[in-house]
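Engineer:
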Amino acid sequence: MYFVYILQCSDNSYYTGVTRNVEKRVYEHQEGLIKSSYTHSRRSVKLVYTEGSSKSLDAIEREKQIKGWSRKKKEALISGNFSNLEKLSKRKKK
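Counting from 622, one number per residue, gives the positions in the sequence shown under my numbering.
Next comes the structure, spelled out in structure tokens:
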């Protein structure tokens, strides 16, 4: 199983990633084990969302999709507000 996860960082920003082991990966972020990681200078982190996928490519595509979303859209996903998520997904008319 592969997991897409979202962390909330100490500066209130969000980090989205993919892993096979959420607990281990969150620990790595929290402890700053990867110095080049976005989260290294933004610790402490809090796990706020996960979703599973049986295929790695599907999880990677979902990660890319979520990374491209606005903060409001990510927050709607995190809170489970799917009606708001749908509204935020609609394109504005020019």
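Where is the CB? At the ideal position from N, CA and C, for every residue including glycine. What you are looking at is a predicted structure, and each value in this text was computed from that prediction instead of being measured.
Give me the residue from N702, S662, V666 and E684 with the minimum Cα distance to E672.
Structural biologist: Your numbering for residue 672 matches position 51 in the sequence shown. Comparing Cα positions, the closest option is E684.
Engineer: Where does V647 fall in DSSP's three states?
Structural biologist: Counting from one through the sequence shown, the residue named residue 647 turns up at place 26. Three-state result, V647: helix.
Engineer: Looking at V639: is its Cβ nearer than 7 Å to the Cβ of A680?
Structural biologist: Translated into the one-based positions of the sequence shown, residue 639 becomes position 18. Translated into the one-based positions of the sequence shown, residue 680 becomes position 59. For V639 and A680, yes; Cβs fall inside 7 Å.
Engineer: Report all residues from its chain with a CB closer than 8 Å to the CB of M622; omit the five preceding and five following residues, and keep chain order.
Structural biologist: Here residue 622 is taken as the residue at index 1 of the sequence shown, counted from 1. Here the set comprises R641, G673, S674 and S675.
Engineer: How is L654 classed by DSSP in three states: helix, strand or coil?
Structural biologist: Taking the first residue of the sequence shown as position 1, residue 654 is located at position 33. L654 falls in the coil class under three-state DSSP.
Engineer: Please state the DSSP three-state secondary structure of K676.
Structural biologist: The residue given as residue 676 occupies position 55 in the sequence shown. Coil.
Engineer: Looking only at C-alpha atoms, which of Y635, V666 and K708 sits nearest to V647?
Structural biologist: What you label residue 647 is simply residue 26 of the sequence shown in a count that begins at 1. Looking at the Cα atoms, V666 is the closest of the given residues.
Engineer: Here's the rule: buried if 16 or more other CB atoms are within 10 angstroms of the residue's CB, otherwise exposed. What is Q686?
Structural biologist: Residue numbering aside, residue 686 sits at position 65 when the sequence shown is read from its first letter. Q686 is exposed by the Cβ-count criterion.
Engineer: Is K695 near Y635, with beta carbons less than 7 Å apart?
Structural biologist: By one-based count along the sequence shown, residue 695 stands at place 74. By one-based count along the sequence shown, residue 635 stands at place 14. Cβ distance < 7 Å, so K695 and Y635 count as in contact.
Engineer: Could you spell out where the alpha helix (DSSP H) holding R692 opens and where it closes?
Structural biologist: To locate residue 692, count along the sequence shown from 1; it is residue 71. Taken as a continuous stretch (DSSP letters only), the alpha helix (DSSP H) holding R692 covers R692 to S700.
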